[in-house]
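Chains as they are written, first to last, in the numbering used here: chain A, 1 to 711; chain B, 712 to 1251. We put the beta carbon where it would ideally sit given N, CA and C, even for glycine. These notes concern the structure reproduced below.
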Amino acid sequence: MAAPYSLGIDIGGTFTDLVVLDPRDGRAVIWKESTTPDDPARGTMAGTRAVLEKAGIGPGEIGRVVHATTLFTNALIERKGARTGLLTTAGFRDTLEIGRERKYELYDLFIEMPKPLVPRPWRREAAERLAPDGSVERPLDLDAALREVESLVAAGIESLAVVFLHAYANPAHERAVAEAVAKRFPALSLSLSSDIAPEIREYPRASTTVANAYVRPLAETYLARLEGALREAGIPGRLFLMLSNGGLTHVEEAKRAPVHLLESGPAAGALAGAWFGRHAGLDRVLAFDMGGTTAKLALVDDGEPLVAWGFEAAREKRFLRGSGLPIQIATVELIEIGAGGGSIARRSGLGTLQVGPESSGAQPGPACYGRGGAEPTVTDADLSLGYLNAEFFLGGAMRIDAAASEASLGRLAGALGVAGERAAFGVHDVVNENMAGAARVAIAERGRIPAEYALLATGGAAPVHAWHVARKLGVTRVACPPGAGAGSTIGMLMAPARVDRVASFNAPLSGADYAAAGRVFAALEAEALAVLRETGAAEDGRVARRLADMRYIGQGSEITVALPETLTEAPVRAAFEAAYRRLFARTPPGAAAQFVALRLSLTAPMPGAGGTLRLPQHAGSTARKGERPVFFPDAGKTLPTAVYDRYALAPGAEVAGPAVFEEDESTFIIGPGASARVLADGTILAEIAPSDDRSAEGRGGLNRPAQEEKR
Amino acid sequence: MARTFDAVELELLWRRLISLVDEAAAALVRTSFSTLVRESYDFSCIVTDAAGQSLVQATESIPSFIGTLPETVKHFLKAYPPETLAPGDVLITNDLWLGTGHLPDITVAKPIFLDGRLVAFSASTAHAPDIGGKIRSPEPREVFEEGLQIPPLKLMRGGATDETLVAMIRKNVRTPDQTMGDLWAQVVALDLMEDRLLGLMRQYGLPDLTDLAAEIQGRCEAAMREAIRALPDGTYHSELQTDGLLDKPVTIRMALTIAGDAISMDFAGTDAQVDRAINCAYCYTYAMCMYGVKVCTNPSLPNNEGAWRPISVTAPPGSIVNPVFPASGGSRMLIGHYLPMLVFGCLGQVVPERVMAACGSPMWGMNQSGVRDGKPFANMFFFNGGMGGNVRGDGVTTLSWPSNVSSTSIEISEHIAPLRFHHKTLRPDSGGPGRHRGGLGQEIEVESLSDTPIAVSFLAERTIFPAFGIEGGKPGAPGELRINGERTDPKRQYVLLRGDRVTLRTPGGGGHGAPSERDPAALAHDLTHGYVTEAESYRR
């Protein structure tokens, strides 16, 4: 093959991560470049040159480029998208501003709600009306609609969202407008609700469509620019984009519906977790990523990250549900909490030890950075407990002021009235509890039990905390893959192509037209397959999953159920009831169920996606670097603990805990009683015998015997 | 000897308690049939100590239940002293006076035993899809018209369900499967809290919750007292009038006394209860007063018994804020949602920067019931007005306050009811003028498409007395209810025939500060956005 290599590019807020992978043998080379927010393609190309040089290959040898970016999310957060207009059904131009009418914070009289992406003067109405079944009650006045669009164009809008009531049931009016607008204003970027998010509920559908319109011109320009720059650099490989659902798509599809790219970076992280988990022989993985400010958790079942069918973008308050813009797209389900290495520890107003969500950020950073940070952070506590090495911080690249850490922790201990070591471990323990608590709720919401999962740690701080978080959850296996710092980029290179499509299907389960449902799926699959084909995926290996949003008639929200092969009432009902029981322990007696929407999820492997990974080893060096005192709560004291150079550990090596594994970006800690071994891809898998009572904190899920049957 | 907890251990235990009630709340939300629970979080979950004193509450809840639920648990204990309780028991009530002030809210509680000793209760209140009786409207004159009344009873004894009680409930409600389905969802939440709490107690070697409760409640009590101590002592008065029964407005009077580290509120001089369902039972009055005090003294304080100890509420029996049997109370929020405003009226005299102008609340709603395709249907749709302006900025447009009930999607509404919505838009010029303008209300127009009559009733207030401004701000626009263009009495029930149209105009919030001080750029923005069309009234 002329161009065998794959290049992964993940643009984050601070760094752009790049990876070159040789899928033939799994060899990978990693590079970090500073992000250039004014023109992200510039930093990307600088990084590309650097990583190619480091790998010792020429641009002509790159057969495939895979890309994830936070660019579009940031455009929403910073409100730096296109001048966007909205055309909607007469009487409903304020839907976007009225919103859900619900507070995300009960006690704040000074609450601020997210501002709509389209201001009121640019929200216009069209004379038209559909009934809930999609039938036309008032025909579209196309001329009047065009006059509104004309006036919007005159006002300078660059992108238009069209959202008509009940358009999920019949796209005809939206399409008629689109056709006429495209003829008249060919330069205007268009987004239709029936195309972008064809689901019932006008507010989230409008919010999603408008968000797409808002970032679409940016996506068109940026992706064209990036493609051009790659060409100019002599890279022959095609460009693929990472979607929020954990799959890849091609550039034209990404330009059409960039709203699907909003969570592409985090999705890649979860995907990396799934990939490493699969290779370590783990089917249920809690992918745990912890950086400087936030921790992210993603559940991976049977080798795939769980996907949710909606999320919130650009929250007013980052960790408060309901404070953002609802976006109805398929997205890898992530729980984000304000817990990171930079999280600040303080005495709370109630005299307890509070850790986060406030973070010291990069400036001033933890006290140990010596940049004027006076308050202790999680990193300071980790340093004091021996989890981090002052002499080998960021692989020795950063000088650390351990005395400043100790002083800040001493002040905290004084304020709390506890001994110094108690304060340091308290900080570590409380931040772990915050993460474990979020994990428990997330796992319970899905009717699962934490003990079924293995914890997989990526990101700078997760490997330091994973062991103790696992103990809190009653999780017995903890994995730490190599190159954790660039994990998400690696995930992208392993990603399949994926297309998710949804169609409204409102019918009771009994007496539904199952043949019609079959036809809807066939149409969705044909549409999805066209995108997949264009993406160049290995079509023969494709897997189509048919799912349905279903509920008991009268319920306010739906669950998404994987449908059986045979689309007839009895097996569909059985699948729905089984899924319902798994989530909620029981099914209500005598209640009738209904379909709300049908979903098709199509995936296929990408040629060139690697099946293995090998990072450079420290050949010939000794694995065991030495020993240092490290605090372990199980032992109740500081233990002399062996320190290993992770790059020098060969696959198959076995190590008994307690132990410390050092690499440039992170440090992996395992406690007494752990037995760890190094897997073929370099992942360290640590296990402990199922725990005693003391750490069996995450017992039962909701999986109790069915209530109704007992009664 | 009392066990002590250091700053670290206390935080860890507290986090765990919060996480277990949140876990139960997540389960309840996902299993519930009621859209009020699922989309509006019209429920709460708590854990109390053995004496029924609350320790932790679920994060997502509404203010009323935060105040009422712990009190209901104490009422359960009065009806069922510890020696009459056994593991596996589940208590139930929807009593108007012991519960939340109206019958659709069903409260259940489960005594939790560790090694044979009663150590805690898990409890939950949730709004049932239906409780029988006349459809929700202010018309009922006695509680008997409002549906099934369940006194404190055992729904389960030692794990066995009382089938007689279940049969009685099923027979008396319009939606037996859904009402019972939600009740069992609540029971699952109770079980889950029990399971997690016992696991936690065993892990930390806690024989009971006495010492932990004392620590948690004690710290919150101390923090609340400290916040109150910072306020100047004195007795402050406020009063306001509500639409009441239109021909007869209701006057509510509050005297709020700050004495050292305690606050007491008294409603002497408030009008008597009425023979319509707007009476606000003491339990709800108490909850709304607590909420009002909390938001302007110590808003971030966790909710538990300790936080409430320094605050007391008294109201004359027989008054509209403490009605006596057999008063009706189905629409108690039509009085209750005004009460935090009275608290602001008093505390605003000492901490004006912490209160806001009046909101376009109480919440608005339209209840419809009828027959569609041969089957009975009943739905409640909610709509909100604007919030009051405050010292920092304009009031938020169309936001639920003090409750937190979201509106139902128009597309969903048109699926579940034979109605067509013609518009749902912001109401220009409805925000009260001020340096910081009040939030806007909205206008909704809806038409019946039903060939059979639909009975409708409303929650609608401030149609006579608008949301007032403060610090020189002007009032917001009053609300309006019209049927086929005619102004109508929102406290009555109507029958809609095919083609009849209802127009609801929710009130705007009051302004904060003199309109003359408004930033001209802000006014210009309001004009270009159509929030204001008549600039003059917003300039002076």
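In this chain, the beta strand (DSSP E) harbouring B/Leu1130 covers 1130–1137. Here DSSP, grouped into helix, strand and coil, assigns B/Arg1043 to coil. Contact of A/His166 with chain B by beta-carbon distance below 7 Å involves Glu1122.
Beta-bridge annotation (DSSP): A/Leu239 is paired with A/Val65. Here the C-alpha atom of A/Arg201 lies approximately 7 Å from the C-alpha atom of B/Ile1121.
For A/Arg371, the CB contacts under 8 Å within the same chain, skipping 5 residues up- and downstream, are Gln363, Pro364, Gly365 in chain order. Pairing B/Ala998 with B/Thr811 gives a Cβ-Cβ distance under 9 Å.
Using a Cβ-Cβ cut-off of 9 Å, A/Ala444 counts as an interface residue toward chain B, since at least one Cβ of chain B sits closer than that to its own. Annotation: the continuous beta strand (DSSP E) that includes B/Asn1090 extends over 1086–1094. For A/Asn74, the enclosing alpha helix (DSSP H) starts and ends at 71–77. Look at A/Lys255: its C-beta is not under 9 Å from any C-beta on chain B.
Each residue's CA atom was taken as its position, placing A/Ala466 and A/Leu297 some 12 Å apart. Here the alpha carbon of A/Leu306 sits roughly 14 Å from the alpha carbon of A/Ala444. In the DSSP annotation of this structure, B/Ile1155 is not part of any alpha helix (DSSP H); the continuous beta strand (DSSP E) holding it starts and ends at 1153–1159. When secondary structure is reduced to three states using DSSP, B/Asp888 falls in the helix class. B/Gln768 has B/Ile757 as its beta-bridge partners, per DSSP.
According to the DSSP assignment, A/Tyr214 belongs to no beta strand (DSSP E) but to the alpha helix (DSSP H) extending over 202–232.
For chain B, the residues of the region 89–121 of chain A that bring a beta carbon within less than 8 Å of one of its beta carbons are Ala90, Gly91, Phe92, Arg93, Asp94, Thr95, Glu97, Ile98, Gly99, Arg100, Glu101, Arg102, Lys103, Leu106, Tyr107, Asp108, Leu109, Phe110, Ile111, Glu112, Met113, Pro119, Arg120, Pro121, in chain order. A/Gly292 sits close to A/Ser359, with the two beta carbons spaced by under 9 Å. Per DSSP, the continuous beta strand (DSSP E) segment holding A/Val478 begins and ends at 477–480. Only buried fits A/His166, as 16 or more other CB atoms lie within 10 angstroms of its CB. In the three-state DSSP reduction, A/Asn506 falls in the strand class (E or B).
Within the model, the alpha-carbon separation for A/Ala274 versus A/Ala287 is close to 7 Å. In the DSSP assignment, B/Asn883 falls within the unbroken alpha helix (DSSP H) covering 874–883. A distance below 7 Å between beta-carbons, with the five flanking residues on each side excluded, links A/Leu239 to the following residues of its chain, in chain order: Val65, His67, Leu226, Glu227, Leu230, Val251. Taking a contact as a CB-CB distance under 8 Å, the pair B/Ile974 and B/Ile1046 does not count as one, their CB atoms being some 21 Å apart. About 5 Å separates the CB atoms of B/Ala1068 and B/Ile1181; that is less than 8 Å, so the two are in contact.
By the Cβ neighbour-count rule, B/His1236 is exposed, with fewer than 16 other Cβ atoms within 10 Å of its own. Residue environment analysis places A/Asn245 among the buried positions, since at least 16 neighbouring C-beta atoms fall within 10 angstroms of its C-beta.
The region 624–644 of chain A makes no contact with the region 600–608 of chain A; the number of CB pairs closer than 8 Å stays below 3.
A/Lys255 and A/Ala219 have their C-alpha atoms some 6 Å from each other.
Relative to A/Gly541, the option among A/Leu142, A/Glu525, A/Ala575, A/Pro496 whose CA is nearest is A/Pro496.
Under the Cβ distance rule, B/Ser743 counts among the residues neighbouring chain A, one pair being separated by less than 9 Å.
In the three-state DSSP reduction, A/Leu529 falls in the helix class (H, G or I). Contact with chain A is absent for B/Gly1056, since none of that chain's Cβ atoms lies less than 9 Å from the residue's Cβ. A/Pro23 counts as buried, since at least 16 other C-beta atoms from the protein chains shown sit within 10 angstroms of its C-beta.
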